Amino acid sequence: MEVWQTLRKNAESGARQLVSEFGDRLFAAAAVLCRDDHLAEDLVFRTFDQAVKKIRQYQPTGDFYNWLYTILLNFWRMDIRKRKLDIVYMGATEDLPSTTYEMAPEPIVRTSDEDVRQALNELPTQTRDVVVLKYFKDLPVEEISRLLDIPEGTVKSRLFNARKVLYAALSKGKIQSSLKGGTK
274 MEVWQTLRKN
284 AESGARQLVS
294 EFGDRLFAAA
304 AVLCRDDHLA
314 EDLVFRTFDQ
324 AVKKIRQYQP
334 TGDFYNWLYT
344 ILLNFWRMDI
354 RKRKLDIVYM
364 GATEDLPSTT
374 YEMAPEPIVR
384 TSDEDVRQAL
394 NELPTQTRDV
404 VVLKYFKDLP
414 VEEISRLLDI
424 PEGTVKSRLF
434 NARKVLYAAL
444 SKGKIQSSLK
454 GGTK
């Protein structure tokens with residue numbers, strides 16, 4: 274029986290199954306967003322609580338994890354708005370296979386993880402969300418569109434613009450460091 278079905282029949286046993294099946298995965302996503310384990314735990318707890326309360330609203334046409342992730346993302350955005358915090362994706366680059374970035378026909382730019390984090394932090398919130406979902410969560414454009422409730426064309430446009438901005442920022446860092454006598 275699927276988690277959502279168990280939740281609808283028995284909230285207590287469904288909640289246990291929910292935590293055991295999705296707890297680690299949601300915590301990892303929250304930790305990337307929050308950068309703080311305590312905030313991530315709180316975010317996951319609120320996500321599970323909301324999922325249990327709103328399980329009747331879940332439509333089994335989509336992926337259940339994506340429904341949970343949307344709840345988590347919405348809570349995180351509310352927290353950001355409430356606290357007026359700068360969104361920082363520290364640690365997000367740990368998922369990258371390497372720190373070499375290439376955009377043809379330009380030469381390869383080698384950067385440190387810190388450079389990438391700083392460049393990501395300078396992106397507008399909406400653009401960062403799309404970049405993190407695409408490149409750090411490996412979601413397809415269609416899924417990002419559905420999660421963020423924006424057209425696929427908007428997702429593609431934000432990704433295109435983000436790549437240009439990130440490449441320019443990372444290239445600028447390379448030029449500046451070479452002017453100082455170092456290389457990145």
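Sequential numbering of the sequence shown, starting at 274, is according to this note's numbering.
Just so you know, even glycine gets a beta-carbon here, dropped at the ideal spot from N, CA and C.
Model, not experiment: these values are computed from the prediction.
- Item | Contained beta strand (DSSP E) runs [length at least 3] in the region 385-418, N- to C-terminal order | none
- Message: Which of the three DSSP states is assigned to Q278 in this structure?
- Response: helix
- Item | Other residues of its chain near R354: CB distance less than 8 Å, five sequence neighbours each side excluded | none
- Take V404 as the anchor and find which of F300, L306, G335 and M351 has the nearest alpha-carbon. L306
- Query: Is L346 closer than 8 Å to F295 when the C-beta atoms are compared?
  - Reply: no
- Message: Among the candidates K326, A304 and G335, whose CA atom is the shortest distance from the CA of L316?
- Response: A304
- Chain-order list of residues whose beta-carbon lies under 6 Å from that of D352 (same chain, five-residue window excluded): none
- Is A288 helix, strand or coil by DSSP? helix
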